[in-house]
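**Student:** Just so you know, the sequences run in chain order A and B.
Per UniProt numbering, the very first residue in the first sequence carries number 1; after that it's consecutive.
Per UniProt numbering, the very first residue in the second sequence carries number 1; after that it's consecutive.
Virtual Cβ for every residue (Gly too), placed ideally from N, Cα, C.
Below you will find the structure I want to go over with you.
There are 2 protein chains.
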Amino acid sequence: MKSSNQQSTRQEPAPAPAAAAEPTSGPLTREELQLAARNHSMPLEALRRELTPPGLHYVLTHFDIPDLDASSWHLRIGGAVERALELSMAALLRDPAITVPVTLECAGNGRSLLEPRPVSQPWIMEAVGTAHWTGVPLAYLLGKAGVLPDAVEVVFTGADAGIQGGVPQQYARSLPIREALRPDVVLAYKMNGADLPPQHGYPLRLVVPGWYGMASVKWLASIEVAKAPFPGFQQKVAYRYQESVDDAGTPVTRIRVRSLMVPPGVPDFFTRKRFLRAGPVMLEGRAWSGEGAVTAVEVGIDGTWLPAHLDKPVGGYAWRKWSLPWVADPGEHVLACRATDITGASQPLEQDWNYQGMGNNVVQRVSVTVE
Amino acid sequence: MKSSNQQSTRQEPAPAPAAAAEPTSGPLTREELQLAARNHSMPLEALRRELTPPGLHYVLTHFDIPDLDASSWHLRIGGAVERALELSMAALLRDPAITVPVTLECAGNGRSLLEPRPVSQPWIMEAVGTAHWTGVPLAYLLGKAGVLPDAVEVVFTGADAGIQGGVPQQYARSLPIREALRPDVVLAYKMNGADLPPQHGYPLRLVVPGWYGMASVKWLASIEVAKAPFPGFQQKVAYRYQESVDDAGTPVTRIRVRSLMVPPGVPDFFTRKRFLRAGPVMLEGRAWSGEGAVTAVEVGIDGTWLPAHLDKPVGGYAWRKWSLPWVADPGEHVLACRATDITGASQPLEQDWNYQGMGNNVVQRVSVTVE
């Protein structure tokens, strides 16, 4: 890291709750606004695009964006391996590369719609994006290092450092061995064919297709194969489905099925309400699931659900385009969309509340005035 | 525009106030959060970089980001000219090009710090960014078209459409002829050497160095040379320094002098408070002014002001780097920075309130815990 004033920090077992305050029905706090100003979501009109460019793709950064120099940067691979490795970017670029299309979504997407509202990054519903990620398959590098038979997890540590829940830490997450060895898990150095932007993990990040974004560790500094489950803050405290602060909960893993719509017509600047001329309009959007293929999208028009046309799947865990022609007649309308995936899971019509505000895939509703 | 469901809109004289509600001391509204989720600021650690990449550079979009096809796009130049022109991107790319380094800042930067708070996009203080903009000098194209002697302004209209203050409109702004003919005003098709990203005005935008960002019209569709002052909403209603809703006010034009600091140390995730080890640390940041060169930056350490070192100016209206070594001793500290420009203008220590929350260049203060 170029900056001289970063603290060195160590990962320690977490004594503190994940949230800084209890869920509230009160107004947004200054701290939540600060987070909303730092982290950005994807404007919904970007759903028209199969791939999301930097600046439109959502970004969540727990701490500061590190300022890393690729020429001096090294990835360390160690722990329960036969051969510890230390790899430069030049070395990684000589390894075989794959490109995977992946829809990434923040696990906290939809949080600010919950009632009461868990107090953290106040996403509405657009914390998503899809990109082509290019790099070395993680399985290939783990093969090079040789995973010992009693290994159970792989721990990924980023260069981003700070304090959360009272715990000084570098951002770190683990994956079970079986997930780490999936052929589509990639150590990416390119996004949509260009070097990673700083905010997306330059020079190297993990991308775990199908999992919520917290698994895809950015600014990757080290990979440690572990013989015991990782006790880090982002694993054991944050990113859990909990009923209350006292509930140990269950870990957040794969992305719940969701669909979103390009809001039709034009917006009012301040209210973001939509205005549309009467007549035919093509409603369109994208749908995705980390549990497998999206098999159906229904569009709700004033409470009546109609099946949408689905384009061919792009493959992997990338979103799938849907569309439905609508003849808009004058008046006030409420549009909605609801996806189902191959497991039979559908988006809920009402909130499925949890303490940290994770995985809220409630259906999107768009109010439109037709003139 | 690819989308079939955009309303055609006309610019009309504006009957409505610029703000959707009166300034308030109350909590942030849902509408303000929606705007904060759509529009993003620059994380302050990006002040380490001379140039700001897409995704870190601030973005404000009044309506939706248009989805334009450069191959069918044309720029129309008309009004009080000798020869109306209609130019394709291919034609523009054959014209002589310049590259200008420019710091752009939103006129509403600092708004949410004001008390009472004008209700609109709730910027804190990071709505800024610096890029190299490459394209055709506007003066060159105006020369090609031939400006008639009685012209007074040039009106720029973007493809982005919606409703603001009750007025259906395409985003449009004007410049006085003398500003439009400045040699550094550019019709840009590249940002930092790459095609414009969608959110920065693809395929073509205006960049007016020294002026707040509202002048640099994105998704440029037409240029109209006018014989009378432009009465559009974004000119006559929005972007004015007003004392109250009834005050006609004065137009917002050039960027007021400002400096910002990279917050030292590491953050707490939720509060964004800073934590730093005792010892030497280099405080650094950037300073800029649309009125001319930055001539001094002072750094406040617990209320004592010290002169910072200034790097050589980059030139034009790009920000200038400053730095000051500090030996941090344990305890609570408040850091601040304050720039002065060649006109003698300095940043205010207390807010200079106005009704729309424009041009709030109050000094930044950063609280740091040194351990």
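1. Could you tell me whether the stretch 18-31 of chain A touches the stretch 256-272 of chain B, using the rule of 3 or more Cβ pairs below 8 Å?
2. Does any residue of chain A have a CB that is nearer than 8 Å to the CB of S112/B?
3. Inspect the beta-carbon positions of R320/B and D311/B and report whether they are closer than 8 Å.
4. Does the stretch 73-84 of chain B touch the stretch 157-169 of chain A, meaning 3 or more C-beta pairs lie closer than 8 Å?
5. Taking the beta strand (DSSP E) that I301/A falls in, what are its first and last residues?
6. Hey, out of W326/A, V152/A, Y239/A and N39/A, whose CA is closest to P264/A's CA?
7. Would you please verify whether the beta carbon of H40/B is less than 8 Å from any beta carbon of chain A?
8. With distances taken from CA atoms, which of Q351/A, G162/A, R205/A and R117/A is nearest V217/A?
9. Once the 5 residues before and after K2/B are set aside, which same chain residues still bring their CB inside 8 Å of it?
10. Expressed to the nearest angstrom, what Euclidean distance is found between the alpha-carbon atoms of L228/A and L349/B?
11. In chain A, what lies closer than 8 Å to H62/B by C-beta?
12. Taking only beta carbons into account, state which residues of the stretch 152-167 of chain A come closer than 7 Å to chain B, listed in chain order.
13. My understanding is that P176/A touches R38/B, with C-beta atoms under 8 Å, so please give their C-beta distance in whole angstroms.
14. Given N192/B, which residues of its chain have a CB within under 6 Å of its CB, disregarding the five upstream and five downstream residues?
15. Identify, in the order they occur along the chain, each residue of the same chain with its Cβ nearer than 6 Å to the Cβ of P198/B, setting aside the five sequence neighbours on each side.
16. Count the other CB atoms, across all protein chains shown, that sit within 10 Å of the CB of V245/A; report buried if there are 16 or more and exposed otherwise.
17. What residues of chain B sit near G55/A, judged by a beta carbon separation below 9 Å?
18. Under 8 Å between beta-carbons, which chain A residues line up against D67/B? List them in chain order, please.
19. Contact criterion: CB-CB distance below 8 Å. Does V366/B meet it with respect to chain A?
20. Using only the alpha-carbon positions, how far apart do G331/A and R274/A sit?
21. Please classify P53/B: is it buried, with 16 or more other beta-carbons within 10 angstroms of its beta-carbon, or exposed?
22. So, is S259/A buried or exposed, given that buried needs 16 or more other C-beta atoms within 10 angstroms?
23. Any Cβ of chain B within less than 8 Å of the Cβ of V362/A?
24. Please name the residue, chosen from S323/B, A188/B, W211/B and G143/B, that lies closest to R173/B on a Cα-to-Cα basis.
25. Along the chain, where does the beta strand (DSSP E) containing Q169/A start, and where does it finish?
26. Can you name the residues that DSSP bridges to W133/B?
27. Classify H309/A as buried or exposed, calling it buried when 16 or more other Cβ atoms lie within 10 Å of its own Cβ.
28. Just to check my reading of the structure: Q351/B and E115/B have Cβ atoms closer than 8 Å, yes? What is that Cβ distance to the nearest angstrom?
29. Can you tell me which of the three DSSP states R48/B falls into?
30. Note the first and the last residue of the continuous alpha helix (DSSP H) segment covering R286/B.
**Tutor:** Checking against the coordinates, here is how it stands:
1. With the cut-off at 8 Å, the stretch 18-31 of chain A and the stretch 256-272 of chain B touch.
2. Position 112 of the second sequence, counted from the first residue, corresponds to residue 112/B. It does; some Cβ of chain A falls within 8 Å.
3. Counting from 1 along the second sequence, the entry for residue 320/B is found at position 320. Counting from 1 along the second sequence, the entry for residue 311/B is found at position 311. Yes, the pair counts as a contact, with Cβ atoms nearer than the cut-off.
4. Flag = no, the stretch 157-169 of chain A and the stretch 73-84 of chain B do not touch.
5. Mapped onto the first sequence, residue 301/A falls at position 301. Where I301/A is concerned, the enclosing beta strand (DSSP E) stretches over V294 to I301.
6. Against the first sequence, residue 264/A aligns to sequence position 264. P264/A has its Cα closest to that of W326/A, out of W326/A, V152/A, Y239/A and N39/A.
7. As a position in the second sequence, residue 40/B is number 40, starting the count at 1. Yes, its Cβ sits closer than 8 Å to a Cβ of chain A.
8. By one-based count along the first sequence, residue 217/A stands at place 217. Per the Cα distances, R205/A.
9. As a position in the second sequence, residue 2/B is number 2, starting the count at 1. Note on K2/B: pLDDT 39, under 50, position unreliable in the model; the coordinate value appears next. Here the set comprises D67, L68 and D69.
10. Indexing the first sequence from 1 puts residue 228/A at position 228. Indexing the second sequence from 1 puts residue 349/B at position 349. One point to set straight first is that residue 228/A is Ala, not Leu, in the sequence displayed. The straight-line gap from Cα to Cα measures roughly 54 Å.
11. Taking the first residue of the second sequence as position 1, residue 62/B is located at position 62. Residues of chain A passing the Cβ test: F269.
12. Taking 7 Å as the upper bound on Cβ-Cβ separation, chain B lies near residues A161, G162, I163 and Q164 of the stretch 152-167 of chain A.
13. Here the question's residue 176/A lines up with position 176 in the first sequence. Here the question's residue 38/B lines up with position 38 in the second sequence. Between R38/B and P176/A the Cβ distance is about 37 Å, and since that is not below 8 Å, they are no contact.
14. Start at 1 with the first residue of the second sequence, and residue 192/B comes out as number 192. If we look at N192/B and ignore the five residues flanking it on each side, its Cβ neighbours are L51, A131 and H132.
15. Translated into the one-based positions of the second sequence, residue 198/B becomes position 198. For P198/B, the CB contacts under 6 Å within the same chain, skipping 5 residues up- and downstream, are I65 in chain order.
16. Position 245 of the first sequence, counting from 1, holds the residue named residue 245/A. With fewer than 16 other Cβ atoms within 10 Å, it is exposed.
17. The residue given as residue 55/A occupies position 55 in the first sequence. The contacting residues are H40, P53, P54, G55, L56, H57, V59, P197, P198, Q199 and H200.
18. The residue given as residue 67/B occupies position 67 in the second sequence. For a Cβ distance threshold of 8 Å, residue set E45, R48 and R49 of chain A lies close to D67/B, ordered along the chain.
19. Start at 1 with the first residue of the second sequence, and residue 366/B comes out as number 366. Output row for V366/B: interface = no.
20. As a first step, residue 331/A is located in the first sequence; it is residue number 331 there, counting from the start. As a first step, residue 274/A is located in the first sequence; it is residue number 274 there, counting from the start. One C-alpha to the other measures close to 12 Å.
21. On the second sequence, position 53 is the one that residue 53/B refers to. It counts as buried.
22. Translated into positions along the first sequence, residue 259/A becomes position 259. So S259/A counts as buried.
23. For the purposes of this step, residue 362/A is identified with residue 362 of the first sequence, where counting begins at 1. No - not a single Cβ of chain B is within 8 Å of the one on V362/A.
24. Mapped onto the second sequence, residue 173/B falls at position 173. Ranking S323/B, A188/B, W211/B and G143/B by CA distance to the CA of R173/B puts W211/B first.
25. On the first sequence, residue 169/A is found 169 positions in, with the first residue counted as 1. Here the beta strand (DSSP E) through Q169/A covers V167 to P176.
26. As a first step, residue 133/B must be located in the second sequence, where it is residue number 133. DSSP output for W133/B lists V100/B and M191/B as bridge partner(s).
27. The residue you call residue 309/A lines up with position 309 of the first sequence. By the neighbour-count rule (16 or more Cβ atoms within 10 Å), H309/A is not buried but exposed.
28. If you number the second sequence from 1, residue 351/B lands on position 351. If you number the second sequence from 1, residue 115/B lands on position 115. Contact annotation, Q351/B with E115/B: C-beta distance approximately 7 Å; criterion of less than 8 Å satisfied.
29. As a first step, residue 48/B is located in the second sequence; it is residue number 48 there, counting from the start. It is helical.
30. Taking the second sequence and counting its residues from 1, one reaches residue 286/B at position 286. Note, R286/B: premise wrong, no alpha helix (DSSP H); beta strand (DSSP E) at G279 to W288.
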